[in-house]
Amino acid sequence: MASSSFALPSLKLQFPTHKSSSSSRNKYSSSLRPIKSSVSEKPPYISSPGTSPIQSRPTKLPIRKVPGDYGLPLVGPWKDRLDFFYNQGRDEFFKSRIQKHQSTVFRTNMPPGPFISFNPNVVVLLDGKSFPTLFDTSKVEKKDLFTGTFMPSTELTGGYRVLSYLDPSEPNHAKLKKLMFFLLSSRRNEVIPEFHNSYSELFETLENDLATKGKAGLNAANDQAAFNFLARSFYGVNPLDTNLGADGPKLIGKWVLFQLHPLLILGLPKVLEDLVLHTFRLPSALVKKDYQRLYNFFYENSTSILDEAERTGISREEACHNLLFATCFNSFGGMKIFFPNMLKWIGRAGVKLHTQLAQEIRSGIKSNGGKITMGAMENMPLMKSVVYESLRIEPPVASQYGRAKRDMVIESHDGAFEIKEGELLYGFQPFATKDPKIFDRSEEFVADRFIGEEGEKLLKHVLWSNGPENESPSINNKQCVGKDFVVLVSRLLLVELFLRYDSFEIEVGASPLGASITLTSLKRASF
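Quick look at the structure:
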């Protein structure tokens with residue numbers, strides 16, 4: 001339930017072809033920090049900022065001007081857009097400029113550019129040292145930067161600027177973030193049982209498809225399971241029993257497309273795709289009826305949450321649009337992208353890791369009387385590490401933006417750079433969380449990376465939630481409201497999977513949003 005960061009990758013992902021390592025340590029330490037989950041505890045509505053202001057100090061690094069330029073007006077942004085989407089692709093776009101400027105901090109243009117974004121100029125931060133500047137709300141403003149250099153029409157969100165686009169300095173930010181904390185807290189007891197119900201249905205569907213077709217597509221089934229789970233756990237309703245039926249994921253997909261099309265590639269002919277998706281906005285009127293169906297569903301099934309909103313001074317209408325966005329864009333979007341990506345990495349790791357996970361998970365649940373609880377999962381260090389490693393190597397929140405509030409100096413590992421007030425800063429997170437100066441074997445999936453005392457120290461460099469993993473969301477920062485909820489449901493997926501199966505085999509493809517996963521084998525539990 002990310003309330004503050006763009007939670008979707010910007011284009012088709014390019015998957016590494018190397019074999020990931022899953023070497024295990026002799027003993028699994030249980031010293032990984034427990035989740036202080038906003039699902040299970042009353043949240044600290046008033047708390048200190050998640051990232052405290054950094055005190056000014058003299059830098060020992062040479063101060064440089066930020067290298068790079070923006071090119072000619074219109075031409076430079078257009079050329080960079082073509083490089084980003086087509087000529088080079090996302091990763092090579094950044095790598096080539098790091099090489100050219102010999103710096104992980106440089107100037108460039110970020111899509112979409114003309115004629116959707118008329119000021120695509122950014123300063124890029126691509127290392128683990130400079131990147132956290134984007135979390136420091138004493139240094140950067142977050143207003144209207146959720147999707148970057150452009151903002152989708154508010155007609156797509158009922159005419160409101162929803163929480164994700166608000167800066168903490170704006171009055172409604174605290175009110176709406178408190179409401180999201182209330183939603184999580186008030187429904188905390190439903191999360192584990194409803195996840196079990198929804199994902200048991202998912203596994204039954206996959207098994208039936210494997211039996212009849214020889215393979216099973218994960219993504220569409222996961223989309224339906226994720227939406228059913230969120231509706232049941234947060235709002236106490238099974239969408240299949242309402243007028244919405246099974247249409248939720250399809251309606252959300254179309255609605256999200258109209259918001260994010262300037263950042264997507266769909267595999268259409270290049271010239272046509274760039275003209276239709278990246279040059280002009282799609283008219284929001286084309287998705288109005290679909291959005292209204294979603295809105296009606298949430299309005300009819302969130303009475304207690306809307307009552308709480310009114311008590312805090314938020315209209316029922318504004319609250320409902322925010323609930324819809326938080327559930328469908330942030331939470332559903334995160335599960336849609338991250339679950340297949342996580343299973344991709346685990347599937348590639350092979351049977352050895354699968355067996356280790358199955359042994360740890362089954363032993364932990366057995367010793368807890370056969371019950372899945374948060375306490376039982378806290379005693380599964382390998383499973384917890386696998387979730388964190390998946391969030392590190394391919395974070396579901398790929399991009400962060402912030403506008404400099406004042407003149408400042410930003411440090412990378414190798415230099416210090418002068419930033420002027422008003423400049424837009426951009427960080428592409430997968431480069432920061434695979435920084436080889438922070439992580440050994442940074443490009444590899446290392447399943448036990450976060451086990452033990454030394455592993456726990458690395459959690460501050462896991463940044464997917466718009467903040468370090470060892471910090472917490474508050475009304476004063478832009479860290480994801482559902483940070484611990486996402487970690488919890490990711491753990492639940494692995495627990496449910498390996499209680500049921502010894503191992504699985506997959507085929508991996510690309511899709512506009514994350515990995516496309518086809519299951520070719522599910523081996524039922526044998527021990």
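All residue numbers in the sequence shown are consecutive under the UniProt record's numbering, ending with 527.
All residues carry an ideal CB built from backbone N, CA and C; glycine is no exception.
All values reported here derive from a predicted model rather than from experimental measurement.
Residue environment analysis places Ala225 among the buried positions, since at least 16 neighbouring C-beta atoms fall within 10 angstroms of its C-beta. Partner residues in the beta bridge of Lys523, as assigned by DSSP, are Ser503.
Residue nearest to Leu202 within the set Phe339, Lys129, Arg187, Lys100 is Phe339 (criterion: CA-CA distance). The C-alpha of Val446 lies about 10 Å from the C-alpha of Tyr388. Taking one beta carbon from each stretch, the stretch 114–131 and the stretch 419–436 have 3 or more pairs nearer than 8 Å; the two touch.
Inter-residue distance for Ser472 and Asp83 is about 37 Å (C-alpha atoms, whole angstroms). Within the stretch 237–284, the runs of alpha helix (DSSP H) at least 4 residues long that lie entirely inside it are, in chain order, 248–260, 270–278.
Put simply, of Pro381, Gly347, Ile252 the residue whose alpha carbon is nearest the alpha carbon of Gln359 is Pro381. Per DSSP, Ile419 is one residue of the beta strand (DSSP E) stretching across 416–419. A straight line joining the alpha-carbon of Phe297 with that of Leu244 spans about 7 Å. With fewer than 16 other CB atoms across the displayed protein chains lying within 10 angstroms of its CB, Thr312 is exposed. Per DSSP, reduced to three states, the secondary structure at Tyr401 is strand. If you ignore the 5 residues before and after Tyr165, its C-beta comes within less than 6 Å of the C-beta of Asp144, Phe146, all in its own chain and listed in chain order. When Cβ pairs closer than 8 Å are counted between the two stretches, the stretch 309–323 is seen not to touch the stretch 240–259, the count staying below three. Ser302 and Tyr235 have their alpha carbons spaced roughly 6 Å apart. Sequence-distant partners of Asp223 (beyond 5 residues in either direction) whose C-beta falls short of 6 Å from its own C-beta, in its chain, are Pro249, Lys336. In the structure shown, the three-state DSSP call for Gly214 is coil.
It is roughly 10 Å from the alpha-carbon of Lys478 to the alpha-carbon of Glu141.
Taken in chain order, the unbroken stretches of alpha helix (DSSP H) that lie wholly in the stretch 160–220 and span 4 residues or more are 171–186, 191–213. Rounded to the nearest whole angstrom, the CA to CA distance from Val276 to Lys457 is 46 Å. DSSP places Ser490 within a helical segment (H, G or I) once states are collapsed to three. By the beta-carbon neighbour count (other beta carbons within 10 angstroms, threshold 16), Ala221 is buried. Its chain contains Leu459, Val462 as the residues whose beta carbon lies nearer than 6 Å to that of Glu469, once the 5 sequence neighbours on both sides are disregarded; these appear in chain order. Around Lys95, the same chain offers no residue with a beta carbon nearer than 8 Å, after the five sequence neighbours per side are excluded.
In this structure, DSSP gives Tyr70 a state outside helix and strand, which the three-state scheme calls coil.
Looking at the DSSP output, Ala510 shares a beta bridge with Ala515. For Gly427, the uninterrupted beta strand (DSSP E) run begins and ends at 424–428, by DSSP.
Going by beta carbons, Leu240 and His261 fall outside the 9 Å limit. DSSP places Arg64 within a strand segment (E or B) once states are collapsed to three. Contact between Lys175 and Val481 does not hold, since the beta-carbon distance rounds to 13 Å and is not under 8 Å. Here Phe150 carries a coil assignment [DSSP, helix/strand/coil].
Secondary structure at Thr133: helix, using DSSP grouped into helix, strand and coil.
Listed in chain order, the alpha helix (DSSP H) elements of length 4 or more contained wholly in the stretch 425–485 are 429–432, 452–457.
The shortest C-alpha to C-alpha distance from Thr355 to any of Ser503, Leu72, Val486, Ser521 is the one to Ser503. About 7 Å separates the beta carbon of Glu421 from that of Lys405, a gap short enough to meet the 8 Å contact definition. By the criterion of a C-beta distance shorter than 8 Å, Arg97 is surrounded in its chain by Gly68, Phe106, Thr108, Val124, once the five residues flanking it on both sides are discounted.
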